[in-house]
Structure formats: structure tokens, C-alpha cells
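Inspection log for the structure reproduced underneath, given as C-alpha cells.
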Amino acid sequence: MKLLKSFTWKKQKSIEEIPKYPKISCKTLFTFLFYDLKFKKVIFMVEKTILVEKKKEMKEEIVDKKLLEKASQKLEEKRDEKVIVLKVEEKVEEKKQLNKEISIEELPGVGAATAEKLREAGFDSMLSIAVASPGELTEIAGLTEATARKIINTARHKMDMGFVSGNELLEKRRNIGKISTSSKAFDALLMGGIETNGITEVYGEFGSSKTQIGHQLAVNAQLPKEQGGVEGMVCYIDSEGTARPERIKSMAESLKLDPIKILNNIKFIRAFNSDHQMLIINKIEDLIKNEKLPIKLVVVDSLMSHFRSEYVGRGTLSDRQQKLNKHMHDLLKLAETYNLAVYLTNQVMANPAIFFGDPTTPVGGNIVAHASSVRIYVRKGKKGTRVARVIDAPHIPDSECAFRITEEGIRDIE
Ligand code: GTP
Ligand code: MG
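Heads up: the sequence shown begins at 427 in the numbering used here, then just goes up one per residue.
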């Protein structure tokens, strides 16, 4: 400060000595110059800020443009996909109409009462009868074997067998979605996850993780495709009272998802008996068709508990299988008509006919086995892990993988 003062004083003196200058103190001049410099600096700063803002705006504009381009491209792709889906659905509907037009009463030996029995058992179209075995029809509708054979043969002659071209099938397969299990090893075993357009059945003993997988799928089905979901809503049929929204909440939170949104998109329903369980399937169709809910996953946990407890003893087996057959047909129809995934859990029993190896067999017999596209056997592994084994899948080789159940949900073994 002292130095500055002395400098100002010196300058003041020298300027006063020159007469052509107006009498202005050197101190004022210096202050003026100083302010001028400061002013220029402020202007420079303002200009710089404006430049930075402009650059930012330009960058944002470029990003916006790119996003817009991407979004419109995606929209185009989705539109194309929708057109294909609509075309395939139209054709499927046409074929269904064609098959429905021929009523099952037109078959020889099928009167009103037999037709009613067949319908109740899920054999409501020419196709279902054409692909049935004589044994199934005799067991379910009480026909003689000769009549059953005659009916099946006539149905095979009369109906349009539903041939589709390879391209049509390819188009249909292209629209199949896959839901991740949140374990890479499990997903790899399933070639990407559980598929829409079919039934995936998981069987295993108590505590083997059937319900936990169901909970995880209910969360993951809502994810976008890139993250292993199908962007759909979920219908969760709980026949054992083991559905736990708080578990779903923690699974959602661990994936950084909004648990309120996730729980809102899952429609839970408690099935009180087998009839109620069957009725719920019709209601789901209502929700999709009339209320336009985009349901992409139906969880049935578990399939057999009511059927098993209500039909006890050998004498009731055929009645049970008749109802079960209809239930499985309804589920399959739902999966194929609306391209959604059905996840079933099933109980097990020890098969006395198996002498060597693991005698654990799913209950429900051939009716459940035929309708399921993929069957998975889960069991407890070493150190608290779980082992999943694919059984009888057309596109997956019989193989197995290990995974674990953590606080976050289903995960890989590190
Ligand atoms: P049943 O329905 O009895 O036939 O069995 P399940 O196959 O459905 O078994 P479930 O999916 O209920 O799995 C039970 C196992 O999951 C338990 O043994 C626990 O180890 C595990 N589990 C369940 N809930 C939790 C949880 O909140 N956190 C963790 N870390 N593990 C859990
Ligand atoms: Mg369970």
C-alpha cells in the first residue's frame, strides 16, 4: 500500500508540471485506468460466459437431435414389429375361427352329453381332439376305446391341421420375449431366460427356491428388453399363501427400481380352491382383452396344491386329471394367444418305479408334462446353493447350473 501511495504521489507531481493537460489529478487518472481495466475484465468474463453457454446449447442441441433420431428409429422398429404381430395374430385368429366352426358334436358318436364332458375336460376344438390319445378320451369322457379312436380319426380328417409356413413360424418366434432370472448362469441354461408364448414349470422339494424364482421373475418381467425384461405387468396367482410383497420390495430396491411402481404392476390373487384357480385364468383374459392390461407374466404358485388336497384317493384321479387338463389347456392358450410367459411351480413325490438315481418326480402326470414347454428341476446344493436342471425342453440340452438366494434375490455364485 505504501509503495502504491508513493508511486501515485510521484506521478501526480509530474503530470501537473505539463500545462497542456487539463488539471486532473494523476490519482484520478490512475483510478480511472484501473477501473477501465477492471471493466474490460468484467466484459471479457461476460463474453466468455456467453460463449460457454452458447457452446453448451449447441452441444445439447446435437445430443437432442441424436436422441430424437434414435427414438424415431426405435418407434419405426416397434411399428414394424407391431405390424408383424398383428399379421400373425390375425392369421392365428382366422385359423382358430376355421377350427371352431366345425363343432365337436359333428363327430360320430358324440352326443350332447359326451360333448359337454369333452368340453369340460378342455377338449373343446377339433385340434385338441385330433391330437389326443384314445386312452385320454376313454379316461376323461368315459368312451369306449373303439369310439375314442373313431372320434380322433374323424377329427384328424375334418380339421385344418394348422400348417404354417416356416417364415410365419420364424416371425412368431422372433417376437418371443425372455425374462431374466437375475443369475447369468441360470439365464444361460435357459438360453436367455424364461420364454413368453409357453409354460415354464419349476418343480422341487420344499425350500428349493420355486417361490423365490417366482418373486424374482415378477420384478424382472417389468424391466426393459435390454435389461432382461418384457416390459409387462404380472399376474401372481398364490394358492399357498406364500406371496411376500416385502420380498418383492427388497428385490426391486436392490435393482434400483421404484418398489411402489413394481408392486403396483403386480396383480396378486389368492386362489382358494381348484375351481377358483381355474376361474382366475378366465379373469386374466378379461384383464388383457377388456381392461387392456399389458400382462406379460402369469405366476401360478403352486399349480397342484389344491388339486392334490381336493382329490384324494385313486378313485378320484380321473376327475382330477380331467380338470387339470382343462386348466393346463387354458394356461397354454393364454400364453400362446397373448404371447405371455406362464411360470408354474410344482410339488414333487418320490417315484417308486425309479430304482437308481434321484426318484424325485413332479406331480400331475403326463398332462402337466405335455403342456409345459420347459421343465426345470431345482434342488438344494452344497453350502446353501441351489441347482437347476433343465428336463425335457425342445430347444435346450439337458444340463444344469448352480445359483444362490441372497438378500437381493436370485444371484450367481461368485
Ligand atoms: P415350498 O413352497 O415350501 O415347496 O418351497 P419353495 O421351493 O417355494 O422355496 P422358497 O422359494 O420359499 O425358498 C425358500 C428359501 O429361500 C429359504 O430356504 C431361504 O433360504 C430363501 N429365502 C426366502 N426368503 C428369503 C429372504 O428374504 N432372504 C434370503 N436371503 N433368503 C430367503
Ligand atoms: Mg413355495
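All C-beta atoms, glycine included, are put in the ideal place defined by N, C-alpha and C.
First through last residue of the beta strand (DSSP E) which encompasses residue i
| i | result |
| --- | --- |
| K722 | 721–727 |
| E375 | What the structure shows of the chain is the stretch from 427 to 840, and residue 375 is not part of that stretch, so it cannot be assessed. |
| V628 | 624–629 |
| R746 | Here R746 belongs to no beta strand (DSSP E); instead the alpha helix (DSSP H) covers 743–763. |
Residues sharing a beta bridge with residue i, DSSP
| i | result |
| --- | --- |
| M775 | T787 |
| Y662 | F694, V725 |
| V925 | Since the first residue of the chain shown is 427 and the last is 840, residue 925 is not available in this structure. |
| Y769 | T626, V725 |
| E621 | K604 |
| V800 | T626 |
Burial state of residue i (16 or more Cβ within 10 Å)
| i | result |
| --- | --- |
| Q653 | exposed |
| F829 | buried |
| M484 | exposed |
| A814 | buried |
| H796 | exposed |
| K598 | buried |
| M471 | exposed |
| P788 | buried |
| N593 | exposed |
| R837 | buried |
Endpoints, alpha helix (DSSP H) assigned at residue i
| i | result |
| --- | --- |
| T540 | 538–546 |
| I577 | 571–584 |
| I836 | First-last for I836: 835–837, but that is the beta strand (DSSP E), not the alpha helix (DSSP H). |
| A614 | 610–615 |
| R734 | 731–736 |
| E840 | Taken as a continuous stretch (DSSP letters only), E840 belongs to no alpha helix (DSSP H), as it is neither H nor E. |
| L649 | From DSSP, L649 is part of no alpha helix (DSSP H); its letter is neither H nor E. |
| T564 | 560–567 |
| K715 | 700–715 |
Alpha carbon of residue i to alpha carbon of residue j, nearest angstrom
| i | j | result |
| --- | --- | --- |
| I686 | S700 | 31 angstroms |
| E546 | M552 | 14 angstroms |
| F855 | V774 | Residue 855 lies beyond the stretch modelled for the chain, which goes from 427 to 840, so this question has no answer here. |
| E834 | R740 | 43 angstroms |
| H384 | A761 | Examination of residue 384 is not possible in this model, given that the chain is present from 427 through 840 alone. |
| A718 | E657 | In the sequence as presented, Ala is not what sits at residue 718; that position holds Lys. In a straight line, the C-alpha of K718 is about 14 angstroms away from that of E657. |
| D756 | L705 | 10 angstroms |
| T811 | P534 | 56 angstroms |
| T622 | I802 | 16 angstroms |
| I602 | E479 | 47 angstroms |
| K715 | A767 | 16 angstroms |
| S735 | A669 | 20 angstroms |
| P720 | K682 | 23 angstroms |
| I879 | V628 | As shown, the chain starts at 427 and ends at 840. That puts residue 879 outside it, with no answer to give. |
- [ ] Could you tell me whether the region 605–618 touches the region 567–580, where touching means 3 or more Cβ pairs closer than 8 angstroms?
- [x] Two segments are said to touch when three or more pairs of C-beta atoms, one from each, lie closer than 8 angstroms; by this definition the region 605–618 does not touch the region 567–580.
TODO: Pair every Cβ in the region 738–747 with every Cβ in the region 564–576, then say whether three or more of these pairs are closer than 8 angstroms.
DONE: Judged by Cβ distances under 8 angstroms, the region 738–747 makes contact with the region 564–576, as three or more pairs qualify.
Open item on the list: So, does the region 667–684 touch the region 704–724, judging by three or more C-beta pairs under 8 angstroms?
Closed with: Not touching, per the Cβ criterion.
Open item on the list: So, does the region 633–653 touch the region 787–796, judging by three or more C-beta pairs under 8 angstroms?
Closed with: Between the region 633–653 and the region 787–796 there are fewer than three C-beta pairs closer than 8 angstroms, too few to call the two in contact.
Open item on the list: Three or more C-beta pairs under 8 angstroms: does that hold for the region 634–641 against the region 766–786?
Closed with: Because the criterion of three Cβ pairs below 8 angstroms is met, the region 634–641 and the region 766–786 touch.
Task: Three or more C-beta pairs below 8 angstroms linking the region 688–700 and the region 663–672 - done: Yes: at least three Cβ pairs fall under 8 angstroms.
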